[in-house]
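Number of protein chains: 2
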Amino acid sequence: MDVKVLQDILAANENLARENAKLFKDKGIFVINLMASPGSGKTSFILKTAERLGNKYNMAVIEGDIASKIDSEKIKAHGIQSIQINTGGACHLEANMIKKAINHFDLEGINLLMIENVGNLVCPSDFNLGESARVVILSVPEGDDKPYKYPSIFRDCSVLIVNKVDMIGLSDFSIDRLKVAVYKLNPDVNIIPLSCRTGEGFDVWIAWLEENLEYCR
Amino acid sequence: MDVKVLQDILAANENLARENAKLFKDKGIFVINLMASPGSGKTSFILKTAERLGNKYNMAVIEGDIASKIDSEKIKAHGIQSIQINTGGACHLEANMIKKAINHFDLEGINLLMIENVGNLVCPSDFNLGESARVVILSVPEGDDKPYKYPSIFRDCSVLIVNKVDMIGLSDFSIDRLKVAVYKLNPDVNIIPLSCRTGEGFDVWIAWLEENLEYCR
């Protein structure tokens with residue numbers, strides 16, 4: 003792509019992201035930009051997080067997909083307010099899409115907004131949405147070498163969730179090899195292994211999240 | 003992105019892809035553009051295919067990744083000629099990258115060129131490389147709803163490999179639900195379930211491939 007055009011797009015996105023961030027801060031909303039490959043368990047992770055938080059916090063979800071309303075319908079079926087963004091073809095969410103989507107929510111009283119980005123380990127990492135934190139999910143069947151191949155997304159996240167740890171042993175995945183690869187890129191990241199299926203490891207994630215939610219109030 | 007700029011990029015890519023395709027046809031090389039999410043088993047699939055073809059055909063591999071030489075080193079360790087393309091940040095391969103990469107091969111005598119695209123279910127589908135066929139891999143842990151969310155890549159492929167079928171039963175993945183979703187987009191696609199780990203299902207894939215290789219000679 004033409005470098006100038008890309009720079010203009012990114013600069014315009016940064017401006018809108020800052021406006022979103024200011025609004026979220028004013029309203030006391032902790033916002034997570036959740037990024038991962040297709041099929042790593044993003045929606046299951048959101049649902050399990052909601053189940054574990056219970057009625058303690060008020061949560062909203064923005065679902066990003068190229069097509070379909072599958073994920074937002076799944077979220078709504080659990081009584082959680084949710085908006086679906088269909089990008090049409092675009093491989094990532096941008097700040098202007100979030101700016102429009104949040105008009106559908108009553109922001110007063112929302113404590114936590116989870117934004118499920120389009121399933122993609124590459125493009126979403128270039129576009130700030132105004133989030134408070136970036137959380138990346140890598141699932142065990144994807145393999146432990148992904149940080150070497152897709153460094154940008156692992157470099158710029160606060161938390162790396164390693165999902166589907168109940169599948170360790172079915173392939174040659176090594177959590178230690180993964181940690182070596184990730185810490186080289188991002189020494190301060192919190193790596194949290196868990197399973198959305200069995201629930202193991204969720205205490206650590208919920209503790210991190212609640213600490214940040216309390217700080218935001 | 004600016005629509006005009008995108009159109010110009012795609013048109014320039016199409017021209018180069020046509021040149022690549024002509025060269026491949028003249029040399030009698032069957033070229034596969036292999037596309038999938040990160041971690042779906044693209045490299046394992048290439049290695050198992052090479053093992054199954056044995057010395058019957060002469061194979062070369064182009065590996066596409068944002069960073070690292072992990073995959074091309076893995077391929078070379080099995081005695082197969084391979085070139086690594088590092089895109090630097092780009093989320094897909096383009097025809098000009100292939101045009102440069104093939105200068106590193108002696109094309110005389112090559113029957114099969116497998117191009118492993120950057121792990122991404124979105125962006126690679128817009129860029130022809132001059133391939134003879136597009137093969138998409140979806141692995142069982144990714145889930146059976148992906149065609150609804152990423153329609154473009156499933157619409158434009160000749161073969162859909164369903165990898166890691168040895169993991170069926172560990173999640174709620176249904177091959178029948180997947181087929182319904184895929185055939186709606188692409189009624190003519192060959193859906194081939196297999197496992198790179200156990201080798202089951204590979205006979206069907208190798209039969210399809212050999213038929214096309216013979217046709218190319």
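Protein chains in written order, with the numbering used here: chain A, 3 to 219; chain B, 3 to 219.
Glycine is no exception: its CB is placed at the ideal position from the N, C-alpha and C atoms.
Given residue 111 of chain B, which residues of its chain have a CB within under 6 Å of its CB, disregarding the five upstream and five downstream residues? A distance below 6 Å between beta-carbons, with the five flanking residues on each side excluded, links residue 111 of chain B to the following residues of its chain, in chain order: 60.
With distances taken from CA atoms, which of A:166, A:198 and A:87 is nearest residue 144 of chain A? A:166
Looking at chain A, is there any beta carbon in it that lies within less than 8 Å of the beta carbon of residue 69 of chain B? yes
I need the boundaries of the alpha helix (DSSP H) containing residue 46 of chain B, first residue and last residue. 44 to 55
Establish whether the CB of residue 189 of chain A and some CB of chain B are separated by less than 8 Å. no
Can you pull out the residues from the region 156 to 181 of chain B whose beta carbon lies closer than 9 Å to at least one beta carbon of chain A? 166, 168, 169, 172 and 173
Contact belief for residue 187 of chain A with residue 149 of chain A at Cβ below 8 Å, rounded distance in angstroms: Rounded to whole angstroms, the Cβ separation of residue 187 of chain A and residue 149 of chain A is 6 Å, and the two are in contact under 8 Å.
My guess is that residue 73 of chain A and residue 45 of chain A are in contact by the Cβ rule of under 8 Å, so how many angstroms apart are they, rounded? 5 Å
Residues, ordered as in the chain, of the region 143 to 154 of chain A that lie near chain B by beta-carbon distance below 8 Å: The residues in question are 143, 144, 145, 147, 148, 150, 151, 152, 153 and 154.
Okay, do the region 198 to 206 of chain B and the region 172 to 186 of chain B touch, 3+ Cβ pairs below 8 Å being the bar? Segment contact: the region 198 to 206 of chain B against the region 172 to 186 of chain B, fewer than three CB-CB distances shorter than 8 Å; contact not assigned.
Interfacial residues, the region 123 to 144 of chain A to chain B, with Cβ spacing under 7 Å: 123, 124, 125, 141, 143 and 144
With distance defined between alpha-carbon atoms, name the residue in B:17, B:18, B:39 and B:26 nearest to residue 113 of chain B. B:26
If you scan the region 148 to 176 of chain A from start to end, which runs of the alpha helix (DSSP H) of 4 or more residues do you find wholly inside it? Listed in chain order, the alpha helix (DSSP H) runs fully inside the region 148 to 176 of chain A are 148 to 151 and 153 to 157, counting runs of at least 4 residues.
On the premise that residue 161 of chain B lies in contact with residue 135 of chain B, defined as a C-beta separation below 8 Å, what is that separation, rounded to the nearest angstrom? 7 Å
Would you list the one or two residues that DSSP bridges to residue 66 of chain B? B:87
Determine which residues of the region 47 to 76 of chain B have a Cβ less than 7 Å from any Cβ of chain A, and write them out in chain order. 67, 68, 69, 70 and 72
Simplified DSSP state of residue 38 of chain A, which is helix, strand or coil: strand
Between residue 54 of chain B and the rest of its own chain, which residues show a CB-CB distance below 7 Å, the 5 nearest in sequence each way excluded? 204 and 208
Would you verify that the beta carbon of residue 195 of chain B is, or is not, closer than 8 Å to some beta carbon of chain A? Residue contact with chain A for residue 195 of chain B: absent (no Cβ-Cβ distance below 8 Å to any residue of chain A).
What does the alpha-carbon distance come out to for the pair residue 109 of chain B and residue 132 of chain B? 15 Å
Own chain residues within Cβ distance below 6 Å of residue 31 of chain B, not counting five before or after: 112 and 115
Show which residues of chain A have a CB atom less than 9 Å away from the CB atom of residue 218 of chain B. Neighbours of residue 218 of chain B on chain A: none; closest Cβ ~31 Å, over 9 Å.
Within 8 Å (strictly less), CB to CB, does residue 84 of chain B reach chain A? no
CB-CB length for residue 97 of chain A against residue 130 of chain A, believed under 8 Å: 6 Å
CA nearest to the CA of residue 156 of chain A, picked from A:138, A:147 and A:35: A:138
Applying a beta-carbon distance threshold of less than 9 Å, which residues of chain B neighbour residue 201 of chain A? Going along chain B, no residue has its Cβ under 9 Å from residue 201 of chain A, so there is no contact; the nearest lies around 15 Å.
Using the C-alpha atoms, what's the distance from residue 80 of chain B back to residue 7 of chain A? Their backbone Cα atoms lie some 42 Å apart in a straight line.
Going by the CB atoms, is the gap between residue 87 of chain A and residue 64 of chain A shorter than 8 Å? yes
Along chain B, in chain order, which residues have C-beta atoms closer than 7 Å to that of residue 198 of chain A? Within chain B, no residue has its beta carbon less than 7 Å from that of residue 198 of chain A; the closest one is some 10 Å off.
Under a CB-based cut-off of 8 Å, is residue 184 of chain B close to chain A? no
Going by CA-CA distance only, name the one from A:51, A:11 and A:119 that's closest to residue 200 of chain A. A:51
Cβ neighbours of residue 78 of chain A in the same chain (closer than 7 Å, five flanking residues each side left out): 84
Could you list which residues in chain B have their beta carbon closer than 8 Å to that of residue 120 of chain A, in chain order? 124
Please tell me whether residue 90 of chain A has its Cβ less than 8 Å away from any Cβ of chain B. Residue-level contact by beta carbon fails for residue 90 of chain A and chain B, as no gap is shorter than 8 Å.
Please confirm whether residue 206 of chain A has its beta-carbon closer than 8 Å to some beta-carbon of chain B. no
DSSP bridge partner residues for residue 221 of chain B (one or two, in chain order): The first residue shown for chain B is 3 and the last is 219, placing residue 221 of chain B beyond what the model contains.
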